[in-house]
Amino acid sequence: SGLLTIADVDQGQSNFTAQPSFAGTYGTFTLDAAGHWTYSADDTQTAIQQLGASDSITDSFTAVSSDGTASQLVTVTIHGTNDNPTMTATATGSVTEDSPAGATETTSGTISFADVDLTDTHTVSASFLSSTNAGGGQLGSLSAAKTLDTSGGTGGTGTWNYSVNNAAVQFLAAGQTIQETYKVTVADNHGGSTTQNVVVTIHGTNDAPVIDLNGAAAGASASLSYTAGSAATAIAPAGTVTDIDSANFGGGSLTVAFTTNGTAADQLTIQNQGTGVGQIGVTGTNVTYGGTTIGTFTGGTGGTSLVVTFNANATQAATQALADHILYANATSATIAKTVTYTLVDGDGTANGGADTSSATATINVTGGDTTPPNITLISGVQGNNNAPSTLVVTFSEVGMNHSFFDSTKLALSNSVLLVSPTGTWGTTTDGGGNTVDTYTLLVTKPNNGTTYTATFAAGAFKDGAGNLSTGASQGTLKPAGTSGEPINLALTDPSHEGALITVTVKDVPSGWTIDGATHNADGSWTTQTNDLHGLTVTTPVNFTGAAVLDVQMTWINADGTLGTASIADNVEAYAPGSPIFAWSGDDVLTGSHGNDLFVFSQPIGADTVHNFDTAADQIDLIGYNGLADFADLQTHIADDANGNAVIALGDGQSITLDGEHSGALTASNFVFDQTPVVNNSGTMTIGDGALLPLSGIINNSGLISLDSTGSDTLLQVIQHGVTLQGSGQILLSDSAANMISGTGPDVTLVNVDNTISGAGQLGGGMLSLDNQGTIIATGSHALVIDTGGSVVANSGTLEAAGSGGLTVAGGLANSGMLWANGGDIVIHGQVTGDGDATIGNLSKLEFGGASSTDVTFGHDAAGTLQLDDSFDYSGRIGGITNDDRLDLGDILFGVGTTAVYQANQDGSGGTLTVSDGTHGAALHLVGNYDANAFKLADDGQGHTVVSYNPAEFTLTGIGNGAISSDFVV
């Protein structure tokens, strides 16, 4: 503002023309008549705002005297001031420990800034503010820089970059974070500035533990010198264990395993020091440190890995003490270097690229003592059913064989038989002296329906735990069959192929049996020398019916002076006089009696031989051979071989050779076709451990048929077209999983009319249909498994589980009879249909793996469980539930939203219990009187829902044929 003066000689003309509002370029002027003027700048104009601290512009107007004779130009200067810049920057960033693994972890962000002052220049910088690290200490660093300054007041850019040394954040555990806050500043050249905070989050990951078996010495590996037979010795007594970000190893494990030259003779144990401070102790499977349990262990014996699973008490000190007290022992090892690896898992996982595992190795230098090579004492073969492979079982003279060594190139198999896999399965058995010895089982092919073959193992095919290579051995596998009380040909062939004099020793011969022409030795074996193995026979007692395996050992001197050996597991089948003589599904040798014999050959067979066939009295029954309906069809299949023996060729490698009979002697009276055989058994029919007995047709069993496995595969083979079992007798399976009643194909059927089948093992093996009208009871500590392949089991009788091994039905079940869980569990994996009933008693469980319509009753004081894996599709009724029974619903999840609602019927006979987890639901139909508020829900331990009933008073009502009706007050 200001004041203008004017002088004019004319009276009354010394004043100005008033201008109340004159618009200048950048603002507004006012002027009154006395000359007072003011100027107001328009601060909103861009031109003014763009003025820097040293910039200026001018605005002006002209003042005019009232008579218009004089004027004055008024000029106003507008001076600029500094404006602060503005900024937008990436406000957050994050880095993760060890991601990627390296020296530095980095993150970055962008900066944008502007300044209305057109001529300002700018700098970008950053400074540390704070950290959530303990004590607030700074771990990383953040820098900021300008990449482009403003132009015309806009467009300024920059970046910030953060880095932290990976080593500085190793102490962070998985899930832990630290936040560091930095201030980014943009400043102009006139003292103006703006700031923004950037927060960087550092994420921790799990760091692997460190196990050093060598302790303070260089390197992480240790070594132990050990003499075979010495006391158990600590492998790495000075090892150390650390973990930078974990105080304990809960949920983790320590595994000690042989990675080089381990054998079954190697033993790993944990030293039991005691329960004192700093001591490792062992109680059962629990491992303690200072008396506190730090975990449990498994394995370590027989060359297996020693695995210790830790709980939260397993501190670093405890784990280190454990690692220092792992002991090694071996009684029989040869001189050899073994490698054992310690693998330590800390239990904290590998999320976000973390690591939870480390390992270290130790070398055990063993000085051995055992130099005796292991012998192969027995080679036995068992034909597989249908298209399944056959098994070849090798038995050794000792236990402690090297379970990781088998040289398959040293096995020769004749007759186009091949190994299915070069790797077999190790096991154990008991020899004739009661000693435990090793076995090795291989799978081999069986072309031409089980053609006989020879297996020859050269020396060095195996080695024992001491490193000694095995001796050589050879065997051929045949299965003779005949009549009890009559000589049965042992089906032996000359293994020397030179007609040498062969010494034959037959072991495991049952009492009362005789090897014809042989000497009975004091140890129970029989010995003879012959160069005519073809005629060697065995005679069983007339009252023996069944099958047994004989151990046949043969030795001879080869033409080059070396000793030859061979062994045979000889399966002998003896049928009662008057009974049909059956051929099994592989190569077989059958021997006729003095009576009229019926030889039964059911498709498929192998290359079979019949001795003592009487063309005047004996018959052959051919079952299941399409296109062979009478003797006319068969004649084109009969011819003599080079030795003049009649051979009946049935195709696909199946044949019947009649030893000593010409084809011209055969007539139509010697053959029947698809005739159903009949077997009568009123006594005992015994199938010994490892033996096989084929049967088919109608079995009138009023006595006992027993399968006596003690660990070897023992088979009652049902051949075409199956067996109808009647006579109210028993089939008793020993308490062994190796018992099997199976067919030669899934279309072969076992119909149990009225017999009781009990014990453990397998019914079906996937190769048999089953129609049970009698009783099947699982009584063993091993399971009784019914596996009919794809067919549905029919039950109109009783399926019962009384043994701890339980009863398992692998597929579906059509049940019009009774299921009874009576001290053992019943598990049915497939769908159950039909109107049959089920009863649960005696602390047992009944499990339906699929949909089921069977009514179930809990017995009095059953304390039982009904497990419904598909409760939604369960349509049966449930009765007799008391406060010690449970319903385990495998398809209903347990959680806070799981509900159970009971609605009683109007007539009081029962009601509907509806259980739902919000997604899945089941409506269960109950019979009896129940308190709607007494149903309780719990977790079954697998995340599924268990329903229990806990009333103060209840009524127990049964269902169907097994109904129970009583009232109880608790």
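Per our numbering, the sequence shown runs over residues 121 to 1090.
Where is the CB? At the ideal position from N, CA and C, for every residue including glycine.
Bear in mind that the values here come from a model prediction, so they are computed numbers and not experimental data.
- Three or more beta-carbon pairs drawn from the segment 928-939 and the segment 889-906 are found closer than 8 Å, and the two stretches are therefore classed as touching.
- For residue 1019, the uninterrupted beta strand (DSSP E) segment begins and ends at 1019-1024.
- CA-to-CA, the gap between residue 645 and residue 626 works out to about 6 Å.
- The Cβ-Cβ distance between residue 230 and residue 301 does not fall below 8 Å.
- No Cβ-Cβ contact shorter than 8 Å links residue 327 with residue 211.
- Taken atom to atom, the span from the alpha-carbon of residue 662 to that of residue 718 is near 18 Å.
- Of 727, 1060 and 842, the smallest CA-CA separation from residue 771 is found for 727.
- Taking the Cα of residue 915 as reference, the smallest distance to any Cα among 903, 140, 957 and 789 is reached at 957.
- In the DSSP assignment, the residues bridged to residue 521 are 584.
- Straight across, the Cα-Cα distance linking residue 509 with residue 744 is about 22 Å.
- Boundaries of the alpha helix (DSSP H) harbouring residue 439: 436-444, taken from the DSSP string.
- Take residue 660, set aside five residues on each side of it, and the residues of its chain with a beta-carbon closer than 6 Å to its own are 604, 633 and 694, in chain order.
- Fully enclosed alpha helix (DSSP H) runs of no fewer than 4 residues are not present anywhere in the segment 190-270.
- Setting aside the 5 residues that flank it on each side, residue 619 is surrounded in the same chain by 651, each with a C-beta closer than 6 Å to its C-beta; the list follows chain order.
- Beta-bridge partners of residue 533 (DSSP): 575.
- When the beta-carbon positions are compared, residue 826 and residue 855 stay at least 8 Å from each other.
- By the neighbour-count definition (other C-beta atoms within 10 Å, threshold 16), residue 382 is a buried residue.
- Shown here for residue 544: same chain residues with a beta carbon closer than 7 Å to its own, the five before and five after excluded, namely 526, 560, 561 and 562 in chain order.
- Around the beta carbon of residue 208, a 10 Å sphere encloses fewer than 16 other beta carbons of the protein chains shown; the residue is thus reported as exposed.
- Separation of the CB atoms of residue 683 and residue 612 is rounded to 19 Å, and the pair is thereby denied contact status at 8 Å.
- In the three-state DSSP reduction, residue 1055 falls in the strand class (E or B).
- Within the same chain, Cβ atoms closer than 7 Å to the Cβ of residue 1025 are found at 1031, the five residues on either side in sequence being excluded.
- Unbroken beta strand (DSSP E) stretches of 3 residues or longer found wholly inside the segment 785-828: 791-793, 798-801, 804-807, 812-821 and 824-827, given in chain order.
- Looking at the DSSP output, residue 122 shares a beta bridge with 157.
- Residue 852 and residue 449 have their alpha carbons spaced roughly 43 Å apart.
- Comparing C-alpha distances from residue 162 to each of 155, 178, 849 and 156 shows the shortest one belongs to 178.
- Here residue 268 is exposed. Its C-beta has fewer than 16 other C-beta atoms within 10 Å.
- Annotation: residue 378 to residue 323 spans about 38 Å, alpha carbon to alpha carbon.
- In the three-state reduction of the DSSP assignment, residue 473 falls in the helix class.
- In the three-state scheme derived from DSSP, where H, G and I count as helix and E and B as strand, residue 644 is classed as coil.
- Closest option to residue 671, judged by alpha-carbon separation, among 941, 679, 688 and 665: 688.
- Exposure of residue 992 is indicated by the presence of fewer than 16 other C-beta atoms within 10 angstroms of its C-beta.
- Taking the Cα of residue 809 as reference, the smallest distance to any Cα among 815, 821 and 829 is reached at 829.
- Straight-line measurement puts the Cα of residue 522 at about 13 Å from the Cα of residue 490.
- Residues 410 and 411 of the same chain have their beta carbon placed closer than 8 Å to that of residue 396, with the five preceding and five following residues left out of the count.
- In this structure, DSSP gives residue 993 a helical state, which the three-state scheme calls helix.
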